[in-house]
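Working notes, structure below.
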Amino acid sequence: MSTSPMVLEPAAAVAPSGRRVRGTLLVLAAMLLVALNLRTSITSVGSLLTEVRAGLHLSGLMAGVVTTMPTIAFAVFGAFTPVLVRRFAAPRVLVAAMAALVAGQALRVITDSAVIFVVTGALALSGIAVGNVLMPMLVKQHFPERTGLVTGMYSVSMSIGATVGAAAAVPIAHAFGSWRAGLGVWAILALAAIPLWLPAALRRPSAAPAAVSGAKALARVRPGATRLGWAMAIFFGAQSLSGYAAMGWLPTLFRDAGFAAEHAGLLLGILSVVGVPMGLIMPSLAARVRRLHGLILALAGLMIVSYLGMMLAPHAGAYLWVVVLSIGQSSFPLALTVLGLRARTPEGTVALSAFAQSIGYLFAALGPLLVGYFYGLTGGWTVPMLFLIGIAVLQAVAGLFIAAPRFVEDEQSRLSVEDEQSRLSVEDEQSRLGVEGG
Numbered sequence: 001m002s003t004s005p006m007v008l009e010p011a012a013a014v015a016p017s018g019r020r021v022r023g024t025l026l027v028l029a030a031m032l033l034v035a036l037n038l039r040t041s042i043t044s045v046g047s048l049l050t051e052v053r054a055g056l057h058l059s060g061l062m063a064g065v066v067t068t069m070p071t072i073a074f075a076v077f078g079a080f081t082p083v084l085v086r087r088f089a090a091p092r093v094l095v096a097a098m099a100a101l102v103a104g105q106a107l108r109v110i111t112d113s114a115v116i117f118v119v120t121g122a123l124a125l126s127g128i129a130v131g132n133v134l135m136p137m138l139v140k141q142h143f144p145e146r147t148g149l150v151t152g153m154y155s156v157s158m159s160i161g162a163t164v165g166a167a168a169a170v171p172i173a174h175a176f177g178s179w180r181a182g183l184g185v186w187a188i189l190a191l192a193a194i195p196l197w198l199p200a201a202l203r204r205p206s207a208a209p210a211a212v213s214g215a216k217a218l219a220r221v222r223p224g225a226t227r228l229g230w231a232m233a234i235f236f237g238a239q240s241l242s243g244y245a246a247m248g249w250l251p252t253l254f255r256d257a258g259f260a261a262e263h264a265g266l267l268l269g270i271l272s273v274v275g276v277p278m279g280l281i282m283p284s285l286a287a288r289v290r291r292l293h294g295l296i297l298a299l300a301g302l303m304i305v306s307y308l309g310m311m312l313a314p315h316a317g318a319y320l321w322v323v324v325l326s327i328g329q330s331s332f333p334l335a336l337t338v339l340g341l342r343a344r345t346p347e348g349t350v351a352l353s354a355f356a357q358s359i360g361y362l363f364a365a366l367g368p369l370l371v372g373y374f375y376g377l378t379g380g381w382t383v384p385m386l387f388l389i390g391i392a393v394l395q396a397v398a399g400l401f402i403a404a405p406r407f408v409e410d411e412q413s414r415l416s417v418e419d420e421q422s423r424l425s426v427e428d429e430q431s432r433l434g435v436e437g438g
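In UniProt numbering, the protein residues as written are 1 to 438.
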């Protein structure tokens, strides 16, 4: 059995085959249940925002804070995940994250204070942010030879959670006569994920040297010092910006094009539905292709075609543009897969994941705001679509830097060697000048 405290090990390496299979399935089920919880808290609020505003007397500003909190929270709280993992190990951090999600979702529905609603919402989002960063690391730890398949499975699980949260929140609220039920019920789903991870979280490390080694390895990985880390962050941010902008503004675009509100909502639903199978296909494809240049350019190209179509013929080709955009936006599960493919170790994966998601989500938070600004400024969709086309081009350029097989640990080591050589060269030059001066 591995002695690293950062690995969930339900079955020993020497256990019979049946036990190993059960252990593998248990880990997979635990990961998928966590993934199922990573969007329900967000999409359910979106569906019930009108009722929440009325119930808590939220101002327009406060409602804006609620809707922009997810991306900001993902950026801020996700950045601290590597430090937490280094100190407490992944299973314990994940249990704490799920506990924060449970507490945040439960507490925000028993308050009549808008401020407390926002604060408890931030608590829930902190748990989601940590889960976002940990998932690629867990895939790397437990399924290093099945990165694409398992990433696709948890990506689909996230999509299902998002869809169910959005679709079921209103019926549940109506059934119980309160928006509080439509939001609070998802705390039960998050609570169900904790028992599966609790045994690993409570297990004491069996060997301290392994813990020290893992901590030192994690401490050495600094993606922000590498070109690969920054390219990954820009790629992640660009695709996330496009995704959040589409979710926030596509219904308005289609209503302006002449569709009824219900029809515009249906088109947004198609965007989500098509994305589910793509979330399973794209990671598996990415894991099988050694060089991702063609795939990255193709996805960005599809997004550009879709934006041009929405700009020039939003009504006539609405269904086609939505399907094309959804396929193009499968760059999100692709990005999740690449996080694992561009690091050699779980420690490197969590560091790269935290850096890319923190920087990326800060960038993505600008998407809905800038699209709304350009729309309000011009009164039309030409400038917003041109802006999104520019973002797709940026995504493609950044994607080319992460397309070739290389690793963040190797790039950082190479830079460290170059820095050391440069330092020694400077010291030698200073010594030579000192001798000559003497």
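Don't be surprised by glycine CBs; every beta carbon is placed ideally from N, CA and C.
By the 16-neighbour rule on beta-carbons within 10 angstroms, residue 110 is exposed.
Per DSSP, reduced to three states, the secondary structure at residue 27 is helical. Cβ contact annotation for residue 360 (same chain, cutoff 7 Å, sequence separation greater than five): 233, 236, 237 and 240, in chain order. Taken through DSSP and simplified to helix, strand or coil, residue 145 comes out as coil. Rounded to the nearest angstrom, the Cβ distance from residue 38 to residue 132 is 6 Å, consistent with a contact under 8 Å. Around the Cβ of residue 263, a 10 Å sphere holds fewer than 16 other Cβ atoms; the residue is exposed.
The Cβ atoms of residue 266 and residue 250 do not sit closer than 8 Å to each other. Sequence-distant Cβ neighbours of residue 74 in its own chain, meaning closer than 8 Å and more than five residues away, are 125, 128, 129, 132, 357, 358 and 361. In the three-state DSSP reduction, residue 37 falls in the coil class, being neither helix nor strand. Of the candidates 386, 185 and 288, the residue whose Cα lies closest to the Cα of residue 40 is 185. For residue 252, the closest alpha carbon among the candidates 78, 408, 375 and 299 is that of 375.
Taking C-beta separations shorter than 6 Å and ignoring five residues to either side along the sequence, the partners of residue 389 in its chain run 304 and 307, following chain order.
Put simply, the backbone Cα of residue 336 is about 12 Å away from that of residue 138. Between residue 191 and residue 52, the beta carbon gap of about 22 Å keeps them out of contact (Cβ cut-off 8 Å). Annotation for residue 382: the continuous alpha helix (DSSP H) segment containing it runs 382 to 402. Residue 154 places its beta carbon less than 8 Å from that of residue 32. Closest in alpha carbon position to residue 355, among 78, 20 and 64, is 78. In this structure residue 242 does not touch residue 396 by the C-beta definition: roughly 12 Å separates them, more than the 8 Å allowed.
Taking a cut-off of 8 Å for Cβ pairs, the segment 61 to 76 and the segment 172 to 182 do not touch, as fewer than three such pairs fall below it. Contact between residue 280 and residue 156 holds, with the beta-carbon distance rounding to 5 Å and staying under 8 Å. Burial state of residue 290 is exposed, judged by a 10 Å Cβ sphere holding fewer than 16 other Cβ atoms.
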